[in-house]
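K.L.:
Under the working numbering, think of the first position of the sequence shown as 17, with each following residue one higher.
Where a beta carbon is used, it is the ideal one built from N, C-alpha and C, also for glycine.
No experiment lies behind these values; they were computed from the predicted model shown.
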Amino acid sequence: MNAPTNIPTKAPTLGFLLHDVARLLRRRFEQHTKDCGLTRSQWHVLAYLAQNEGINQTGLAELLDIEPITVGRLVDKLQAMGLIERRPDPSDRRVWLLYSTPAAAPQLDHLRELGDLTRGEALADISDTERDQLVALLQALKINLTEACDRPAAAKKRTSQARTGEDRTHQERADLERVENV
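1) Kindly list the residues whose CB is nearer than 8 Å to the CB of Q177, restricted to its own chain and excluding five residues on each side of it in sequence; keep chain order.
2) Quick one: grab the DSSP three-state call for V198.
3) With a Cβ-Cβ cutoff of 9 Å, do N160 and L114 count as a contact?
4) Just mark I85 as buried or exposed, buried being the case when its beta carbon has 16 or more other beta carbons within 10 Å.
5) In the structure shown, what three-state DSSP assignment does N72 receive?
6) Just list the alpha helix (DSSP H) runs in the stretch 60 to 116, keeping only unbroken ones of 4 residues or longer that don't cross its boundaries, in chain order.
7) Counting C-beta neighbours from all protein chains within 10 Å, is the total for L62 16 or more, i.e. buried, or is it exposed?
8) Could you spell out where the alpha helix (DSSP H) holding L153 opens and where it closes?
9) Straight-line CA distance for A170 to T162?
10) Straight-line CA distance for L99 to A27?
11) Counting pairs of Cβ atoms below 8 Å between the stretch 39 to 52 and the stretch 109 to 127, do you hit three or more?
12) What number of angstroms, rounded off, separates the C-alpha of P135 from the C-alpha of L41?
13) Can you tell me which of the three DSSP states D141 falls into?
14) Three-state secondary structure (DSSP) at G136?
15) Which residue comes first and which comes last in the alpha helix (DSSP H) that contains A38?
16) Between L79 and S143, what straight-line distance do the alpha-carbon atoms span, to the nearest angstrom?
17) Consider the C-beta atom of P106 and the heavy atoms of the ligand FMN; say whether any pair is separated by less than 8 Å.
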């Protein structure tokens, strides 16, 4: 699919640029992995699980930012393929802990190789120094946003029409009394 040539030349915002780069990385990686026998969602679960062995489904769902029921279905499929196993949680018999199996190792190795290939394509003609700077800046953005997400969102400023009682300034209360007394 060719990109339209009439795209405005105004510089994209940071959010749009990050989204587009992530989208293109996913698209290119999917092109490389199309014959691997796993869907993008399945390799995503497998990759996160490899970094978080022994996590439960709810924890994995939180890491992936998807619903627990969706993770459950993906885990079911990966377990049927022999790539993941569920083990009982010794502290809570209602909970299952997730582990990748030895059969997952070659799949993960292959996915890592394809990930390296994809990143190499994305970072072509970018120096090692610039790569290090990019990673450091993205890590700083991630930390800032993670911390921001743990705080309540900023409240919108209300206009004087929306203010009531104690929110009004002394002058606004005096003006309102004058109008009401007319």
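P.N.:
According to the data block:
1) Since pLDDT at Q177 reaches only 49, below the 50 mark, its modelled position is unreliable, and the value read off the structure follows with that caveat. Result list for Q177: empty, nothing under 8 Å.
2) Here the model assigns V198 a pLDDT of 39, short of 50, so the residue's position is not dependable, and the following value carries that caveat. It is coil, neither helix nor strand.
3) Pairing N160 with L114 gives a Cβ-Cβ distance that is not under 9 Å.
4) It counts as exposed.
5) N72: strand per DSSP, three-state reduction.
6) DSSP runs (the alpha helix (DSSP H)) wholly in the stretch 60 to 116: 73 to 80 and 84 to 96.
7) The residue is buried, with at least 16 neighbouring Cβ atoms inside 10 Å.
8) Counting along the chain, the alpha helix (DSSP H) containing L153 begins and ends at D144 to C165.
9) The straight-line gap from Cα to Cα measures roughly 15 Å.
10) Between L99 and A27, the C-alpha separation is close to 44 Å.
11) With contact defined as three or more Cβ pairs closer than 8 Å, the stretch 39 to 52 and the stretch 109 to 127 are in contact.
12) As written in the sequence, residue 135 is Arg, which differs from the Pro given in the question. Spanning the two alpha carbons is a distance of roughly 8 Å.
13) Of the three classes helix, strand and coil, the one that applies to D141 here is coil, per DSSP.
14) Helix, per DSSP.
15) Note, A38: alpha helix (DSSP H), L30 to T49.
16) Taking the straight line from one Cα to the other gives about 31 Å.
17) Within the structure as shown, the ligand FMN is missing, as the structure has no ligands at all.
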